[in-house]
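Letter 3 of the sequence shown, counting from 1, is numbered 253 in this note's numbering, and no numbers are missing.
I have placed the structure first, in the form of structure tokens, so that the comments after it can refer back to it.
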Amino acid sequence: MENEKRFLCEAIELAHANVEKGGRPFGAVVVKDGEVIATGVNEILSTNDPTAHAELTAIRAASQKLGSPDLQGCAVYASGHPCPMCMAAMRLAGVGEVAYAYSNDDGTPFGLSTAAIYADLAKPFAEQSMKIRYVPVRLETGLDLYADWKRRQQA
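Below, the structure is given as structure tokens:
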């Protein structure tokens, strides 16, 4: 619990430093075997990249440091409640644990909550605010994309 608090405080300190530089108030720390292996801050405003959230910049740095996209055995400590994109990315990377210091309720008065996105994503595709549909298009060459990929992986 003490290490968890230390790592969360580090994420908050990163977020404060990012705010001082004109960035958004989010920081994240990736830990493996009790050691910080990577950090990240929200870089949306400095990069004009809407995916440059603190958690994503931290897991990108961790993956580079480890030389692998597999972050099994890692934990992420974030200053704020990770959004659905970040949660999905952490799951895809194999992160086993996530802790955050500020909740969506904490962020709501400041326009920093992603609770509405979580609620929208919980709905069936047809009821979500973004139009989502399956259109089964295939190339006329007959070469199936996924089958081609699998064949090349086995070669």
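C-beta atoms are modelled at their ideal positions from N, C-alpha and C, and glycine is treated no differently.
In this text the structure is predicted, and so the values were computed from the model without any measurement.
{"Asked": "Sequence-distant residues of its chain with Cβ nearer than 7 angstroms to residue 312 (five each side left out)", "Found": "280, 287, 288, 321 and 324"}
{"Asked": "Residues near residue 378 in its chain [Cβ-Cβ closer than 6 angstroms; skip 5 each side]", "Found": "370"}
{"Asked": "8 angstroms Cβ cutoff met for residue 350 and residue 328", "Found": "yes"}
{"Asked": "Residue 289 (DSSP reduced to helix, strand or coil)", "Found": "strand"}
{"Asked": "For residue 310 and residue 295, believed in contact at Cβ under 8 angstroms, the rounded distance", "Found": "Actually they do not touch by this definition, with Cβ atoms about 17 angstroms apart."}
{"Asked": "Beta-bridge partners of residue 194, as assigned by DSSP", "Found": "Given a span of 251 to 405 for the chain in the structure shown, any question on residue 194 remains unanswerable."}
{"Asked": "8 angstroms contact criterion, which residue 362 and residue 330 should meet: CB distance rounded", "Found": "7 angstroms"}
{"Asked": "Alpha-carbon to alpha-carbon, residue 261 and residue 357", "Found": "16 angstroms"}
{"Asked": "Alpha helix (DSSP H) segment containing residue 296, residue limits", "Found": "294-297"}
{"Asked": "For residue 278 and residue 326, believed in contact at Cβ under 8 angstroms, the rounded distance", "Found": "6 angstroms"}
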